[in-house]
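Student: Okay, handing you the structure first.
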Amino acid sequence: MDDWRNGGFGLYVHWPFCQAKCPYCDFNSHVTAQIDQNRWAAAYRADMLRAAPSLSGRVLNTIFFGGGTPSLMHPDTVATIVETAREIWLFSNDIEISLEANPTSVEAGRFTGYRDAGVNRISMGIQALNDNDLRRLGRMHSVSEAQKAFDVARNCFDRVSFDLIYARQGQTLAGWQQELDQALSMAIDHLSLYQLTIEEGTAFGDRYARGKLRDLPTDDNAADMYLATQDICDKHGLPAYEVSNHARPGAESRHNLIYWRYGDYLGIGPGAHGRLTLDGTRYATETYLQPGVWLAAAEGQTGESSRTPLTPEDASAEYLMMGMRLVEGLELDRFRALSGHALSSERISNLCEIGMLELSENRIQSTDAGRAVLNAVLRDLLVE
2 MDDWRNGGFG LYVHWPFCQA KCPYCDFNSH VTAQIDQNRW AAAYRADMLR
52 AAPSLSGRVL NTIFFGGGTP SLMHPDTVAT IVETAREIWL FSNDIEISLE
102 ANPTSVEAGR FTGYRDAGVN RISMGIQALN DNDLRRLGRM HSVSEAQKAF
152 DVARNCFDRV SFDLIYARQG QTLAGWQQEL DQALSMAIDH LSLYQLTIEE
202 GTAFGDRYAR GKLRDLPTDD NAADMYLATQ DICDKHGLPA YEVSNHARPG
252 AESRHNLIYW RYGDYLGIGP GAHGRLTLDG TRYATETYLQ PGVWLAAAEG
302 QTGESSRTPL TPEDASAEYL MMGMRLVEGL ELDRFRALSG HALSSERISN
352 LCEIGMLELS ENRIQSTDAG RAVLNAVLRD LLVE
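Just so we're aligned, residue 2 is where the sequence shown starts under the working numbering, counting upward by one.
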């Protein structure tokens, strides 16, 4: 049964530190020379204990350590967080505990410690299987080092996923197809495949604005890469279950499904967001963005900076935007319950006629073609 139906929830833990800032990254990540891991572990524990009463009696289904680079966390820090969660909430029998990791030999050396702390799934940021492109992306590992780290992870964990970025500078469709075949020969049961996006405020964004980021694929070429990705992964038994995520049936990221199915999750750590349903009202939560500010706040009163009730319009729009990323789509009755009104049957019909959507009883789903232009589909559905 879906998380949002049975009162279960997920826990997202943000670790904001990295060894270096990647030029494409717009996440809340910071390069810091020295980190007092014991102090941070105590702050996470304190903030979780303060959040516990509002989620009393609910089952914790997933924990996700994201960042930043969580594989820079000491295993004891991870263990403190997992043990605190176990102390204050009931764990589901098959709880999924994921940790994002960089594929360097140093970080791979911590994998056994993470497993002993309770982590049972690793998501590895390999990003490319080409050394020149890894350097362009600002990554600190080589392909060889990534493959070795992946093998270490496979020996420690039953569930190991990794990320790749495509539509990179100078990349061709044929080159991506070859790289994807190589990735699929490595993959166990899950892959995350992201199209490179140029975000404002990043090093790539600055270069792009100055005309210095050359040889990016055209939008049409990037769309061809996306559609080829669907076909190739289907043939290898890892079909898409979300715009950028592919898995063997049953191996989907359960934590990320909470986001996309619009379930409840608590966000802990600098800049972490959450969505919680409390006494029938859905809230958006945020924490203090800057690591030092959050740390001091968590040690004092609370790391949470805001808790805002969502309007029916906002909640239903979020559900639509998240649910339409999934191959399974979303439930029309749930959209109506959140918003107070139904989606336009005329617009749904029009989008079905042009091959962007499929309608079956109480559910709409985007097609492969629709997910390739999802923002346009969402605009059509949301326009007043």
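Beta carbons: idealized from backbone N, C-alpha and C, even for Gly.
Give the straight-line distance between the Cα atoms of Val-60 and Thr-203, rounded to the nearest whole angstrom.
Tutor: Working through the sequence shown from its first residue, we reach residue 60 at position 59. Working through the sequence shown from its first residue, we reach residue 203 at position 202. If you take the alpha carbons of Val-60 and Thr-203, they lie about 38 Å apart.
Student: Suppose the cutoff is 7 Å on Cβ atoms and the five residues either side in sequence are ignored; what does the same chain contact list for Asp-48 look like?
Tutor: Here residue 48 refers to the residue found at position 47 of the sequence shown. So the list reads Ile-269, Ala-299, Thr-303 and Gly-304, once near-sequence residues are dropped.
Student: Would you mind working out which of Leu-100, Leu-279, Leu-333 and Thr-368 sits nearest Ala-241, comparing C-alpha positions?
Tutor: Taking the sequence shown and counting its residues from 1, one reaches residue 241 at position 240. Of the residues Leu-100, Leu-279, Leu-333 and Thr-368, the one whose Cα lies closest to the Cα of Ala-241 is Thr-368.
Student: Can you say whether Thr-288 is buried or exposed, counting buried as having 16 or more other CB atoms within 10 angstroms of its CB?
Tutor: Along the sequence shown, read from residue 1 onward, the residue named residue 288 stands at position 287. Thr-288 counts as buried, since no fewer than 16 other beta carbons sit within 10 angstroms of its beta carbon.
Student: What residues match up with Pro-310 in a beta bridge as DSSP calls it?
Tutor: Here residue 310 refers to the residue found at position 309 when the sequence shown is read from its first residue. Looking at the DSSP assignment, Pro-310 forms a beta bridge with Tyr-284.
Student: Helix, strand or coil for Glu-201? Go by DSSP, reduced to three states.
Tutor: As a first step, residue 201 is located in the sequence shown; it is residue number 200 there, counting from the start. The answer is coil: DSSP assigns Glu-201 none of H, G, I, E or B.
Student: What residue range is occupied by the uninterrupted beta strand (DSSP E) comprising Thr-278?
Tutor: The residue labelled residue 278 in the question sits at position 277 within the sequence shown. From DSSP, the beta strand (DSSP E) with Thr-278 extends over 274-279.
Student: Could you give the DSSP three-state label for Glu-146: helix, strand or coil?
Tutor: Against the sequence shown, residue 146 aligns to sequence position 145. The answer is helix: DSSP assigns Glu-146 an H, G or I state.
Student: Excluding the 5 residues flanking Ile-166 on each side, which residues of the same chain have their C-beta closer than 6 Å to its C-beta?
Tutor: Counting from one through the sequence shown, the residue named residue 166 turns up at place 165. Counting only Cβ-Cβ distances below 6 Å, and skipping sequence neighbours, we find Gln-128, Tyr-195 and Leu-197.
Student: Taking contact to mean 3 or more Cβ pairs, one atom from each stretch, closer than 8 Å, check whether the region 146-159 and the region 103-117 are in contact.
Tutor: yes
Student: In this structure, how does DSSP classify Thr-219 when only helix, strand and coil are distinguished?
Tutor: One-based indexing of the sequence shown puts residue 219 at position 218. Coil at Thr-219, not helix or strand.
Student: Within 10 Å of its beta-carbon, does Val-79 have 16 or more other beta-carbons around it, so buried, or fewer, so exposed?
Tutor: Translated into the one-based positions of the sequence shown, residue 79 becomes position 78. Classification of Val-79: buried, given that the 10 Å Cβ count is 16 or more.
Student: Rounded to whole angstroms, what's the CA-CA distance from Arg-335 to Thr-309? Just pull it up for me.
Tutor: Walking along the sequence shown from the start, residue 335 turns up at place 334. Walking along the sequence shown from the start, residue 309 turns up at place 308. Approximately 21 Å, taken between the alpha carbons.
Student: Mapping DSSP to helix, strand and coil, what is Val-14?
Tutor: Here residue 14 corresponds to residue number 13 of the sequence shown, with the count starting at 1. Note: Val-14 maps to strand in three-state DSSP.
Student: As a quick exercise: from Thr-81, Pro-104, Gly-139 and Lys-149, pick the residue whose alpha carbon is nearest that of Asp-117.
Tutor: As a first step, residue 117 must be located in the sequence shown, where it is residue number 116. Comparing Cα positions, the closest option is Thr-81.
Student: Would you mind stating whether Gln-172 and Asp-134 have Cβ atoms separated by less than 9 Å?
Tutor: Residue mapping note: residue 172 aligns to position 171 of the sequence shown, counting from 1. Residue mapping note: residue 134 aligns to position 133 of the sequence shown, counting from 1. Yes, they are a contact pair.
Student: Apart from the five residues just before and just after Asp-132, which ones in its own chain have a Cβ nearer than 7 Å to its Cβ?
Tutor: Here residue 132 refers to the residue found at position 131 of the sequence shown. Excluding the 5 residues flanking it on each side, Asp-132 has same chain C-beta neighbours closer than 7 Å at Ser-143 and Val-144, in chain order.
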